[in-house]
Amino acid sequence: MSGNSKAFTALVRKHQKGAHALAWRRIGNFHHTEEITQDTFVRVYKHLPKLKDLSQFSGWLYVITNRLCNTWLQDNKSLIGSLEDVPMVEMQRTSYKRYISDQKERKNDIPTPPHMSFTYINSAEC
394 MSGNSKAFTA LVRKHQKGAH ALAWRRIGNF HHTEEITQDT FVRVYKHLPK
444 LKDLSQFSGW LYVITNRLCN TWLQDNKSLI GSLEDVPMVE MQRTSYKRYI
494 SDQKERKNDI PTPPHMSFTY INSAEC
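So this is what it looks like as structure tokens:
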């Protein structure tokens, strides 16, 4: 599929938000939603040659995303059961705060290019 990699990239860009939105509505957790969306497109990539009618792609994508959400929900029943006691707004706020914290941490891990770094020397020490 190397010749079609640009076409597949365009397909992902076109449908990624919809798949992500569906998974978010079903799962409600940013990180798990990201994983499910990624897994969805991995499966799409593997099985796209089996799709006979490309006009059915959106529905097919919906089914794959929905099945992956069902699997995740089934595998995480105990987690979901304990989270039912926590208000949804609080879970979303906590999940978003964790996402922001992770993004800040990633940003801090990026090394500063040498031309952008400098050292402050106190003039009294010279």
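Using the numbering used here, read the sequence shown as starting at 394 and increasing by one per residue.
All C-beta atoms in this analysis are idealised placements derived from N, C-alpha and C, irrespective of residue type, glycine included.
- A distance below 9 Å separates the beta carbons of R491 and F423.
- Relative to Y455, the option among T430, F401, T402 whose CA is nearest is T430.
- Cβ-Cβ distances below 6 Å link R419 to C462 in the same chain, with the five nearest sequence neighbours on each side left out; the list follows chain order.
- The residue among S448, V435, T458 with its C-alpha nearest the C-alpha of W417 is T458.
- Here K445 carries a coil assignment [DSSP, helix/strand/coil].
- With contacts defined by Cβ atoms closer than 9 Å, A400 and F434 do not form a contacting pair.
- Contact between H440 and W465 is absent: CB atoms are separated by about 19 Å, not below the 8 Å threshold.
- Boundaries of the alpha helix (DSSP H) harbouring G452: 450-468, taken from the DSSP string.
- Straight-line spacing of the CA atoms in K445 and K497 works out to 44 Å.
- One thing to note: H408 has its Cβ within 9 Å of the Cβ of S451.
- Sequence-distant Cβ neighbours of S398 in its own chain, meaning closer than 6 Å and more than five residues away, do not exist here.
- In the DSSP annotation of this structure, the continuous segment of the alpha helix (DSSP H) that includes G411 starts and ends at 398-420.
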